[in-house]
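Take a look at the structure below.
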Amino acid sequence: MTTCRQRAALLLLAATAGSAWAQAPGPNNAITDVPGISVGHYTGADAGTTVVIGSSTAGQGVGGGVTQRGGSPITRETDLMRPDNMVETMNAIVLGGGSAFGVSAASGVMRCLEGKGVGFPVGGPNVVPIVPTVTTFDRATCGGPPASRPDFNAGVQACMAAAGGAVAEGNVGAGTGAVAGGVKGGIGTASVVLPNGIIVGAIVAVNSEGTPYNSDGDLRGASFGIGNEFSVLTKAGGKANKVPASLPGGPLRSGTNAVVATNVALTKSQATKIAEMADDGISRAIDPAHTAGDSDTLFVLGTARVALANFGDEASVVTQIGSAAGDVVSRAIVHAVLAAQSTSCQQSYCDVFRSACKNGR
Amino acid sequence: MRLHTALCVVAGIAGASASFAQTLPQTPGPLNAITDVPGIEVGHYTATNGAGGMTGTTAIIARGGATAGVTQRGGAPGTRLTDLLNSQKAVGTIHAVTLSGGSAYGLAASDGVTTCLEAQGVGTPIANGAIAPLVASAILFDPGRCADFTFRPDASFGANACAAATSGPVKMGNIGAGAGARSGGVKGGIGTASAVLPNGVVVGAIVAINSSGRTFDATTGAFFAGYIASSSDPIVSAVQVDPAADSQELLRATTIAVVATNAKLTKAQANKVAQMADDGLARAIRIAHGTGDGDTVFALATGAITSAPNINSIGGAAADALSRAIMRAIQAADAIHVGSCNVASYCEQFPSLCKR
Numbered sequence: 512m513t514t515c516r517q518r519a520a521l522l523l524l525a526a527t528a529g530s531a532w533a534q535a536p537g538p539n540n541a542i543t544d545v546p547g548i549s550v551g552h553y554t555g556a557d558a559g560t561t562v563v564i565g566s567s568t569a570g571q572g573v574g575g576g577v578t579q580r581g582g583s584p585i586t587r588e589t590d591l592m593r594p595d596n597m598v599e600t601m602n603a604i605v606l607g608g609g610s611a612f613g614v615s616a617a618s619g620v621m622r623c624l625e626g627k628g629v630g631f632p633v634g635g636p637n638v639v640p641i642v643p644t645v646t647t648f649d650r651a652t653c654g655g656p657p658a659s660r661p662d663f664n665a666g667v668q669a670c671m672a673a674a675g676g677a678v679a680e681g682n683v684g685a686g687t688g689a690v691a692g693g694v695k696g697g698i699g700t701a702s703v704v705l706p707n708g709i710i711v712g713a714i715v716a717v718n719s720e721g722t723p724y725n726s727d728g729d730l731r732g733a734s735f736g737i738g739n740e741f742s743v744l745t746k747a748g749g750k751a752n753k754v755p756a757s758l759p760g761g762p763l764r765s766g767t768n769a770v771v772a773t774n775v776a777l778t779k780s781q782a783t784k785i786a787e788m789a790d791d792g793i794s795r796a797i798d799p800a801h802t803a804g805d806s807d808t809l810f811v812l813g814t815a816r817v818a819l820a821n822f823g824d825e826a827s828v829v830t831q832i833g834s835a836a837g838d839v840v841s842r843a844i845v846h847a848v849l850a851a852q853s854t855s856c857q858q859s860y861c862d863v864f865r866s867a868c869k870n871g872r
Numbered sequence: 285m286r287l288h289t290a291l292c293v294v295a296g297i298a299g300a301s302a303s304f305a306q307t308l309p310q311t312p313g314p315l316n317a318i319t320d321v322p323g324i325e326v327g328h329y330t331a332t333n334g335a336g337g338m339t340g341t342t343a344i345i346a347r348g349g350a351t352a353g354v355t356q357r358g359g360a361p362g363t364r365l366t367d368l369l370n371s372q373k374a375v376g377t378i379h380a381v382t383l384s385g386g387s388a389y390g391l392a393a394s395d396g397v398t399t400c401l402e403a404q405g406v407g408t409p410i411a412n413g414a415i416a417p418l419v420a421s422a423i424l425f426d427p428g429r430c431a432d433f434t435f436r437p438d439a440s441f442g443a444n445a446c447a448a449a450t451s452g453p454v455k456m457g458n459i460g461a462g463a464g465a466r467s468g469g470v471k472g473g474i475g476t477a478s479a480v481l482p483n484g485v486v487v488g489a490i491v492a493i494n495s496s497g498r499t500f501d502a503t504t505g506a507f508f509a510g511y512i513a514s515s516s517d518p519i520v521s522a523v524q525v526d527p528a529a530d531s532q533e534l535l536r537a538t539t540i541a542v543v544a545t546n547a548k549l550t551k552a553q554a555n556k557v558a559q560m561a562d563d564g565l566a567r568a569i570r571i572a573h574g575t576g577d578g579d580t581v582f583a584l585a586t587g588a589i590t591s592a593p594n595i596n597s598i599g600g601a602a603a604d605a606l607s608r609a610i611m612r613a614i615q616a617a618d619a620i621h622v623g624s625c626n627v628a629s630y631c632e633q634f635p636s637l638c639k640r
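As given, the protein sequences belong to chains R and D, one line each in that order. To convert a position in the first sequence, counted from 1, into the numbering used here, add 511. To convert a position in the second sequence, counted from 1, into the numbering used here, add 284.
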């Protein structure tokens with residue numbers, strides 16, 4: 512009979528072995544590889560919003576957690592996610608542009624979900640959809656204030672567009688007006704299937720004050736790639752290129768916001784711990800991260816297709832998911848930067864570091 | 285006597301001047317309202333459906349900006365921009381707090397306050413000429429009471445409340461965020477109160493009480509926090525008997541409040557004042573901070589008085605002002621009797637104790 516510690520050690524060994532040999536991205540290499548997760552974008556002229564819907568097998572909410580480490584958060588319903596508070600399940604997460612105005616998209620998502628009968632039950636047929644939200648300021652606006660910002664209708668449209676399958680990346684949704692350091696930012700997503708069947712996915716809107724590339728022009732998160740995931744990168748770096756300076760930082764100016772999802776059932780406390788570990792993936796792919804001017808907020812959803820106890824003792828499984836989530840977040844950030852396209856006033860990574868990307872991309 | 289002794293001990297520990305010692309009753313400002321704090325404006329918007337159903341939004345505006353803190357102790361909150369108020373975050377100044385009915389749907393009212401303030405040029409400059417009015421918010425649960433479940437505040441409620449904001453007298457009772465509120469078996473509502481401290485610091489509170497717990501002894505009508513009432517508040521004896529909370533309401537409640545002062549506080553101090561002010565909620569309502577309560581208290585400091593603040597004095601006064609605002613809310617609330625919609629009021633149940 513093995514002790515807990517022995518089982519934990521075996522699990523760790525399995526996880527380590529898995530990371531070397533057996534782990535692979537899911538079929539879409541997207542957060543939608545997690546059953547129960549759908550994603551919808553609303554893309555405006557220079558700002559947008561992205562909704563991630565988490566659905567149990569019954570079509571209702573799923574356990575969730577959040578970590579909020581950036582110094583300039585514009586958030587909604589994060590108090591509710593604290594483990595000491597009552598509501599245990601979330602219906603959707605909104606990542607948005609539009610700064611303090613963009614929070615209104617969450618109301619549109621609520622209306623959309625209410626129309627489907629999705630939400631916290633409050634008697635009879637009535638529901639209150641639980642839609643935690645974070646927004647950031649869109650910096651890729653060519654020197655002027657944003658010409659568009661996501662509103663109530665943007666939230667409705669993003670929710671109506673939500674689907675499984677492939678997820679559009681780059682200058683879409685919450686990444687529309689995003690800037691990553693000195694290059695165009697955007698939406699990125701990634702997933703991993705662990706040898707034991709745990710699936711972890713992430714979607715990130717990269718609008719960071721810090722840079723996703725180092726002083727040699729290499730993407731910080733590229734080393735976390737699985738297989739030939741980042742074969743577009745030459746690994747020749749950008750030494751020959753002029754590394755652009757990050758845009759000036761300041762309160763409320765930036766933020767990298769993310770959602771991580773897994774097919775494992777999570778309590779709020781477990782999801783919160785996983786969020787904290789997943790957030791390390793931002794730190795590894797962007798430097799500096801979590802600045803005073805960043806909104807950096809990361810949510811976790813567990814869609815409860817499998818029980819956590821199936822995989823071992825609680826601490827080990829939470830650690831395994833959190834560790835995997837950190838890597839997935841870093842990879843999603845790389846995807847965001849590679850998918851982002853130059854605008855009239857903000858060049859993309861591959862346009863700035865031409866020698867780093869094959870075919871200019 | 286015991287209270288005074290305890291306060292003197294606290295003041296001694298804090299090294300505070302004796303002249304700051306907490307005394308009861310408090311001396312209200314001229315309006316006995318949160319608007320006695322210079323720089324604070326309040327606007328209500330209320331909707332009625334003609335069948336006894338009411339809901340609404342209250343905007344508390346600090347046009348010149350206020351250092352803000354928050355405490356969130358109820359178990360079922362609906363909030364916006366509260367993370368921003370953590371002491372370690374970069375932004376210390378906000379421009380308004382929106383209190384609203386409508387459960388989480390009512391968070392939309394804050395959108396209207398935000399755009400209203402933007403149109404007036406009120407906000408934090410970000411970059412590229414953009415400003416962001418920073419509007420924190422908390423909501424209470426009132427949907428479906430003598431109304432369709434979709435009868436709820438939207439962005440237009442916030443815009444209207446913002447447009448109606450003034451620094452004058454503040455209406456209480458069945459109005460704004462308190463329009464559809466109920467409290468421990470009677471009608472809840474909006475209440476406000478203020479206190480002027482001996483050193484010139486002004487502290488005010490406004491509350492929308494929608495509590496599962498009761499504020500008064502169900503038999504005698506005595507307010508639990510009656511001993512805190514001021515000479516211009518209703519005064520009733522303070523016989524304290526545990527109430528029997530209405531179990532049906534235990535999961536559909538929330539008391540949300542804002543306290544304000546003209547003292548100059550850091551963000552950390554504003555958070556501390558919010559925490560102490562929350563004790564006023566606990567003294568006036570039993571039970572408070574339950575699992576179904578969204579109880580959230582914001583603190584705003586406009587900073588006109590720049591001398592070093594006595595946090596215990598301000599926090600203690602804010603707690604008492606909040607207790608008084610709660611008692612005033614309950615007494616100001618009107619019963620509703622429209623068709624099959626019947627909600628008793630405190631004054632209906634205890635007419636001899638009712639003072640408005």
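Cβ coordinates follow ideal geometry from the N, Cα and C atoms, glycine included.
Within 8 Å, strictly: CB atoms of residue i and residue j
{"i": "residue 558 of chain D", "j": "residue 353 of chain D", "result": "yes"}
{"i": "residue 724 of chain R", "j": "residue 692 of chain R", "result": "yes"}
{"i": "residue 571 of chain D", "j": "residue 467 of chain D", "result": "no"}
{"i": "residue 465 of chain D", "j": "residue 472 of chain D", "result": "yes"}
{"i": "residue 581 of chain R", "j": "residue 702 of chain R", "result": "no"}
{"i": "residue 592 of chain R", "j": "residue 576 of chain R", "result": "yes"}
{"i": "residue 667 of chain R", "j": "residue 622 of chain R", "result": "yes"}
{"i": "residue 505 of chain D", "j": "residue 634 of chain D", "result": "yes"}
{"i": "residue 643 of chain R", "j": "residue 810 of chain R", "result": "yes"}
Identified DSSP bridge partners for residue i
{"i": "residue 581 of chain D", "result": "D/355, D/541"}
{"i": "residue 380 of chain D", "result": "D/345, D/419"}
{"i": "residue 433 of chain D", "result": "Beta-bridge pairing links residue 433 of chain D to no other residue."}
{"i": "residue 475 of chain D", "result": "D/491"}
{"i": "residue 400 of chain D", "result": "In DSSP, residue 400 of chain D forms no bridge with anything."}
{"i": "residue 498 of chain D", "result": "D/570"}
{"i": "residue 338 of chain D", "result": "D/332"}
{"i": "residue 744 of chain R", "result": "R/868"}
{"i": "residue 466 of chain D", "result": "D/471"}
{"i": "residue 325 of chain D", "result": "D/345"}
{"i": "residue 506 of chain D", "result": "Partner(s): none; residue 506 of chain D has no beta bridge."}
{"i": "residue 765 of chain R", "result": "R/805"}
Pick from the options that is closest to residue i, judged by C-alpha positions
{"i": "residue 627 of chain R", "options": "R/671, R/604, R/741", "result": "R/671"}
{"i": "residue 763 of chain R", "options": "D/405, D/356, D/384, D/412", "result": "D/412"}
{"i": "residue 770 of chain R", "options": "R/559, R/633, R/605", "result": "R/605"}
{"i": "residue 767 of chain R", "options": "R/733, R/704, R/806", "result": "R/806"}
{"i": "residue 331 of chain D", "options": "D/348, D/310, D/436", "result": "D/436"}
{"i": "residue 851 of chain R", "options": "R/618, R/601, R/727, R/651", "result": "R/651"}
{"i": "residue 587 of chain D", "options": "D/423, D/319, D/548", "result": "D/548"}
{"i": "residue 830 of chain R", "options": "R/775, R/563, R/603, R/862", "result": "R/775"}
{"i": "residue 808 of chain R", "options": "R/783, R/733, R/658", "result": "R/783"}
{"i": "residue 351 of chain D", "options": "D/323, D/410, D/312", "result": "D/323"}
{"i": "residue 591 of chain D", "options": "D/620, D/611, D/546, D/624", "result": "D/546"}
{"i": "residue 707 of chain R", "options": "R/861, R/827, R/856, R/855", "result": "R/827"}
{"i": "residue 318 of chain D", "options": "D/402, D/492, D/433, D/617", "result": "D/492"}
{"i": "residue 726 of chain R", "options": "R/799, R/540, R/637, R/599", "result": "R/799"}
The ligand MG heavy atom lying under 7 Å from the CB of residue i
{"i": "residue 411 of chain D", "result": "The ligand MG is not among the ligands present in this structure, which contains no ligands whatsoever."}
Do three or more CB pairs link the stretch 548-562 of chain D to the stretch 573-593 of chain D at distances below 8 Å? Yes, since at least three Cβ pairs between the stretch 548-562 of chain D and the stretch 573-593 of chain D fall closer than 8 Å, the two stretches touch.
Contiguous beta strand (DSSP E) assignments of at least 3 residues, all confined to the stretch 572-642 of chain R: Runs of the beta strand (DSSP E) inside the stretch 572-642 of chain R: 573-579, 585-587, 603-607.
Pairs of beta-carbons, one from the stretch 339-357 of chain D and one from the stretch 377-384 of chain D, closer than 8 Å: are there three or more? Contact between the stretch 339-357 of chain D and the stretch 377-384 of chain D is established, with three or more Cβ pairs separated by less than 8 Å.
With three or more C-beta pairs closer than 8 Å as the rule, is the stretch 439-454 of chain D touching the stretch 602-611 of chain D? Taking 8 Å as the limit for Cβ pairs, the verdict is that the stretch 439-454 of chain D does not touch the stretch 602-611 of chain D.
Between the stretch 833-842 of chain R and the stretch 787-795 of chain R, do three or more beta carbon pairs fall short of 8 Å? Result yes; three or more Cβ-Cβ pairs closer than 8 Å.
At 4 residues or longer, what runs of the alpha helix (DSSP H) sit wholly inside the stretch 676-733 of chain R? For the stretch 676-733 of chain R, not a single whole alpha helix (DSSP H) run of length 4 or above is found.
Three or more beta-carbon pairs under 8 Å between the stretch 611-618 of chain R and the stretch 818-825 of chain R, yes or no? Not touching, per the Cβ criterion.
With three or more C-beta pairs closer than 8 Å as the rule, is the stretch 703-717 of chain R touching the stretch 543-559 of chain R? Per the Cβ contact rule, the stretch 543-559 of chain R is in contact with the stretch 703-717 of chain R (3 or more Cβ pairs under 8 Å).
Do three or more CB pairs link the stretch 416-436 of chain D to the stretch 363-379 of chain D at distances below 8 Å? Because the criterion of three Cβ pairs below 8 Å is met, the stretch 416-436 of chain D and the stretch 363-379 of chain D touch.
Residue ranges of each alpha helix (DSSP H) run of no fewer than 4 residues wholly in the stretch 773-814 of chain R, ordered along the chain? Counting whole runs of 4 or more residues, the stretch 773-814 of chain R contains the alpha helix (DSSP H) stretches 779-789, 791-796.
Does the structure place the stretch 498-512 of chain D close enough to the stretch 607-621 of chain D that three or more beta carbon pairs sit under 8 Å? Using a Cβ-Cβ distance cut-off of 8 Å, the stretch 607-621 of chain D and the stretch 498-512 of chain D are in contact, since at least three pairs of beta carbons, one from each stretch, lie closer than that value.
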